[in-house]
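First residue of the sequence shown: 5, per this note's numbering; consecutive thereafter. C-beta atoms are modelled at their ideal positions from N, C-alpha and C, and glycine is treated no differently. Keep in mind that this is a model prediction, so the values were computed, not measured. Here the structure comes first, spelled out in structure tokens, and everything after it is commentary.
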Amino acid sequence: MHTPEVELARTDDIPPAEGTVQAIHRSRGSTASERLLADLGEHAFLDLWSYPNLFYEKKQGGVGDGKELCDMLVVCGDDVIIFSDKHIKYQDDKPIQVAWPRFYRKAIEGAVKQINGANNWITRFPERIFTDSACTQKLPIDLPPVETRRTHGVVVATGAHRAIQDALNDDSGSFMIMPSLKGQEAIDFSQPGYMPFCVGDVNPGGMFIHVFDNVGIKRVLEHLNTITDFTRYLNKRAEYIRSGKLFMCHGEEELLANYLNVGIRTGGEYDFELPRKKGNEDAGMVTLQGEWSRYVLSEGYFAKTLADDISYTWDRLITVFTENLLAGTTETILGETATIATAERGLRFMAAEGRFARRMLGEAVDGALRKAMEFKQDRYARVMFPSQINADDKVAYVIVVVAYPVELEARGGLKRGYVQYRETRAKILEAYCLGVLHDNRNLNTVVAIGMDAHSSQTGRKGGSEDMLAMRIDEWTDSLIESALKAKEHYDVLRENRIIKQKFSRDEYPALGEPTERRWPKNRPSSKRFKKRK
């Protein structure tokens, strides 16, 4: 079936047309810790997929009975992350035998209870989840089917940071991780060798629920700031903690450092340990303190951070569409009326890409814009085929830069101005989607993005971005005919004009000297200053 799944446009300089999507209400959180969580979620997962302070409505068919479901819900693809944030003041004036159990019960057990309840409600009543307390605006995106859904529970327990620093003489103030502790064993002072502020498996027998404090969650989301990278970490973390391989870890940042260091040493194969030597398979690991400091001071981290800068081009492109979608300023193209749910399906492919893949895609987008400006072509396109680092090996991307036909407009050949230009550009996107899928039957989806040429080329300020996602699972004779006609009519993907290139990048590149000096060499002082006579 030939299905254009989504058509979106950002209209900076065009008045909104009929059929635009309704604006979506999103909470910012009611407490400082909830607002911090909302900000972290928006930065890492982008705002279309992260919804702080959702509510559920118990009365069938009624309104106004909103109960808080969770502090943040993240939904992208088959992954659902349920966050519960609990800020409980640690009672410093009480003995640790009293203060720590009280904190644990309120902050951690309370959050675990909320997450389990939210998961139960989401499973049973997915259609009764709202973004406002009055229960008038339903969650605008579809939840994945239960059969394929991967649900992650995340507790963010804050308020004990200073107490942990003082008790453990540790600047990080992060919970220690001791997987052997099940549930309330974390507050059982009668156990031999008991240590307070250690957290283990807080939901034994149920789905794994992760526990972070504000320092831990911030560091994790700063360094794994895509939904794919973050959920991979959660999956590996849950498996590792329940595997029996870890005896104790001195804080989340040390566990994260181990994970990232393994990635450096293996070229991107992330895990918490390298393969163990024979005879050590059953030993319990104790992480070394100071791994985090060593990681952030390492050449590998510095090189990756510099290299990843271009990846945020991809993030900004997603944000262009999602901001307008949520604000209700998105227009439709090709005669289709977009909804949040249908639009999200197209954008989901882009959001599912991890940071390393976004680096490659960002380079491709930036390169297409530069080449179009350099060659001053009316149209420039770049097709990015999937590699092993992409989220889906059946999805390709196309970037098409189309210059506004200023000369044609001056001759009176563009009667409807920018609207006509955008309609033509959308049809060009459709032709590229059909052509790429027709010529590469190993693919089933193409996401095409249309952009204006730079103002230096056309002299025209402002512009827009259109996005079309097309999926074809089965080719028919009529579809083949449509694809060939579209390629011919819009003159796309001609073999004699295609330049094929292979790109290879290291996730942790080696730091090298720049090939050219970035700044002019300093003149010697004898040249810069004259001696006084």
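Check your understanding: Closest by CA to Asp89, which one among Gly163, Arg509, Phe379?
Key -> The option with the nearest alpha carbon to Asp89 is Gly163.
Review point. Cα-Cα, which of Ser315, Ala261, Val206, Ser184 is closest to Pro196?
Key: The option with the nearest alpha carbon to Pro196 is Ser184.
Exercise for review: Could you tell me which residues DSSP pairs with Lys186 in its beta bridges?
Suggested key: The partner list for Lys186 (beta bridge, DSSP) reads Asp205.
**Study point:** Separation of Gly121 from Met180, as counted between CA atoms
**Key:** Rounded to the nearest angstrom, the two C-alpha atoms are 26 Å apart.
Point to revise | Thr155, buried or exposed, once every other Cβ within 10 Å from all chains shown has been counted against 16 | key: Under this definition Thr155 is a buried residue.
Exercise for review: Would you mind listing the beta strand (DSSP E) stretches within the segment 373 to 397 that are 3+ residues and don't spill past its ends, in chain order?
Suggested key: Counting only runs of 3 or more, we get 383 to 388.
Review point. Between which two residues does the alpha helix (DSSP H) carrying Ser508 extend?
Key: Premise fails: Ser508 is in no alpha helix (DSSP H) and is neither H nor E.
Check your understanding: What do you get for His270, buried or exposed, if any count of 16 or more other CB atoms within 10 angstroms of its CB means buried?
Key -> Sequence inspection shows Thr at residue 270; the His mentioned does not correspond to that position. It counts as exposed.
Review point. According to DSSP, what are the bridge partners of His156?
Key: Paired residue(s): Ile85.
Point to revise | Given Tyr401 as reference, the closest of Pro200, Ser302, Glu257, Val440 once Cα atoms are compared | key: For Tyr401, the nearest C-alpha among the options comes from Val440.
**Study point:** Opening and closing residue of the alpha helix (DSSP H) in which Asp43 lies
**Key:** Looking at the DSSP string, the run of the alpha helix (DSSP H) that includes Asp43 is 36 to 49.
Check your understanding: What is the C-beta distance between Ile322 and Asp370, in whole angstroms, given that I count them as a contact (C-beta under 8 Å)?
Key -> Taking 8 Å as the upper bound for CB-CB distance, Ile322 and Asp370 are not in contact here, some 15 Å apart.
Check your understanding: Which residues does DSSP pair with Gly272 in a beta bridge?
Key -> In DSSP, Gly272 forms no bridge with anything.
Review point. Do you know how far the Cα of Trp125 is from the Cα of Gln118?
Key: Trp125 has its alpha-carbon roughly 10 Å from the corresponding atom of Gln118.
Review point. Is any beta-carbon of chain B found at less than 9 Å from that of Phe134?
Key: Here chain B cannot be found, since the structure has a single protein chain.
**Study point:** CB of Phe276 within 9 Å of CB of Tyr263, strictly
**Key:** Result yes, Cβ atoms of Phe276 and Tyr263 sit closer than 9 Å.
Practice item. In angstroms with no decimal places, state the Cα-to-Cα distance between Met474 and Asp396. Key: Taking the straight line joining both Cα atoms gives about 14 Å.
Check your understanding: Per DSSP, which one or two residues make a beta bridge with Pro196?
Key -> Looking at the DSSP assignment, Pro196 forms no beta bridge with any residue, so it has no partner.
Check your understanding: Would you say Asn265 and Glu295 are within 9 Å of each other, going by their C-beta atoms?
Key -> Yes, the Cβ-Cβ distance between Asn265 and Glu295 is below 9 Å.
Review point. Residues in its own chain within less than 6 Å of Gln95 by CB, not counting five upstream and five downstream?
Key: If we look at Gln95 and ignore the five residues flanking it on each side, its Cβ neighbours are Ala103.
Exercise for review: Figure out for me which residue from Asp205, Ser54, Leu260, Asp82 has the closest Cα to the Cα of Glu189.
Suggested key: Nearest of Asp205, Ser54, Leu260, Asp82 to Glu189, Cα basis: Asp205.
Review point. Using DSSP with H/G/I as helix, E/B as strand and the rest coil, what is Ile181?
Key: Taken through DSSP and simplified to helix, strand or coil, Ile181 comes out as strand.
Exercise for review: Determine the burial state of Lys308: buried for a count of at least 16 other Cβ atoms within 10 Å of its Cβ, exposed for fewer.
Suggested key: With 16 or more other Cβ atoms inside 10 Å of its own Cβ, Lys308 counts as buried.
**Study point:** Alpha carbon of Met289 to alpha carbon of Arg280, nearest angstrom
**Key:** Roughly 11 Å between the two C-alpha positions.
**Study point:** Cβ neighbours of Arg522 in the same chain (closer than 8 Å, five flanking residues each side left out)
**Key:** Because Arg522 sits at a pLDDT of 33, beneath the cut-off of 50, its placement in the model cannot be relied upon, and the point is left open.
Check your understanding: Anyone know if the C-beta pair for Val404 and Leu433 falls short of 9 Å?
Key -> In this structure, Val404 places its C-beta atom within 9 Å of the C-beta atom of Leu433.
Review point. What span of residues does the beta strand (DSSP E) with Ile145 cover, start to end?
Key: For Ile145, there is no enclosing beta strand (DSSP E), as DSSP gives it neither H nor E.
Review point. For Cys437, which three-state DSSP category applies?
Key: In the structure shown, Cys437 sits in a helix (DSSP, three-state: H, G or I).
Review point. Which residues mark the beginning and the end of the beta strand (DSSP E) in which Ala400 is found?
Key: It spans 399 to 406 - the beta strand (DSSP E) in which Ala400 sits, taken as one unbroken run.
Practice item. With DSSP as the reference, please indicate the residues paired to Met252 in a beta bridge. Key: As computed with DSSP, Met252 is found in a beta bridge with Val290.
Point to revise | Thr4, DSSP secondary structure in three states | key: Residue 4 cannot be examined here, being either before or after the span of the chain that is shown, 5 to 537.
Check your understanding: Span of the beta strand (DSSP E) holding Phe59?
Key -> Start and end: 54 to 61.
Review point. Between the C-alpha atoms of Phe234 and Cys80, what's the straight-line distance to the nearest angstrom?
Key: One Cα belongs to Phe234, the other to Cys80, and the distance between them is close to 12 Å.
Practice item. Go to Lys308, then tell me how far its alpha helix (DSSP H) extends in each direction, as first and last residue. Key: DSSP places Lys308 inside the alpha helix (DSSP H), whose first and last residues are 303 to 311.
**Study point:** Integer-rounded CB distance, given that Met377 should sit under 8 Å from Ser460
**Key:** About 6 Å separates the two Cβ atoms, so the contact holds.
Point to revise | Short Cβ contact (9 Å threshold) for Arg420 with Asp470 | key: With a cutoff of 9 Å on beta-carbon distance, Arg420 and Asp470 are scored as not near each other.
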